[in-house]
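Taking it in order: structure first as structure tokens, then the write-up.
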Amino acid sequence: MIPAGKSLAGDRLSARSVKGFGVVSAISLDGRDLAESERMLLLHLTDLRAEGVRYLSLENKVILADAPRENEILGRRGVMEAELAIVAGPCRLYALDHSGTRLGEIPVRSTNGRLQVTLDTFAVPGNVVFAYELVRSL
Numbered sequence: 002m003i004p005a006g007k008s009l010a011g012d013r014l015s016a017r018s019v020k021g022f023g024v025v026s027a028i029s030l031d032g033r034d035l036a037e038s039e040r041m042l043l044l045h046l047t048d049l050r051a052e053g054v055r056y057l058s059l060e061n062k063v064i065l066a067d068a069p070r071e072n073e074i075l076g077r078r079g080v081m082e083a084e085l086a087i088v089a090g091p092c093r094l095y096a097l098d099h100s101g102t103r104l105g106e107i108p109v110r111s112t113n114g115r116l117q118v119t120l121d122t123f124a125v126p127g128n129v130v131f132a133y134e135l136v137r138s139l
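2 is the number of the first residue of the sequence shown in the working numbering; add one for each residue after it.
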């Protein structure tokens, strides 16, 4: 978990939490190393709950009652600046809904061989975005 204002860096992925706390990960979807992958799943997770869930304690550790399945998923706002050290090439980043359906394209930037993206859980109006699909043409 990366608190607001803090950063973490790895070999292929680094991130800085701009607003709120969050967890970020990059997963190859085509079995290749992240540096060469043509399809990746990026996750940016904050806090989520089903609308209407009630808890037994203030620490929200014990669920008192489950919410009906038709209720909305509520997500905490989080903004993360992420960088991927990957092979350069054209790419597109798509925000995904909770079923994996593409909601829209998110801008990407490239500087010094690193792909830069802003991951914002409220990037798509009317949706909470925790997942992104990165598609590259090498």
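Beta carbons are placed, not taken as given, at the ideal position from N, Cα and C, and that holds for glycine.
Quantities reported herein were computed from a predicted structural model and do not represent experimental measurements.
For a cut-off of 8 Å, the C-beta gap from Glu-39 to Arg-137 is around 5 Å, short enough to register as a contact. Bridge partners of Leu-104 according to DSSP: none are assigned. Secondary structure of Glu-73 (DSSP, three-state): coil. Beta-carbon to beta-carbon, Arg-33 and Ile-87 are separated by about 10 Å, too far to satisfy the 8 Å threshold. In the three-state DSSP reduction, Ser-111 falls in the strand class (E or B). By the beta-carbon neighbour count (other beta carbons within 10 angstroms, threshold 16), Leu-46 is buried. For Thr-112, the number of other beta carbons within 10 angstroms of its own is below 16, and it is reported as exposed.
Between the beta-carbon of Glu-106 and that of Ala-16 there is about 20 Å, and that puts the pair past the 8 Å contact cut. According to the DSSP secondary-structure assignment, His-45 is paired through a beta bridge with Val-25.
Distance from the CA atom of Ser-26 to the CA atom of Val-109, rounded to whole angstroms, is 17 Å.
Of the residues Ser-8, Met-2 and Pro-4, the one whose Cα lies closest to the Cα of Glu-84 is Ser-8. Looking at the backbone, the Cα of Ile-3 and that of Leu-120 are separated by about 13 Å. DSSP places Met-2 in no beta strand (DSSP E); its state is neither H nor E.
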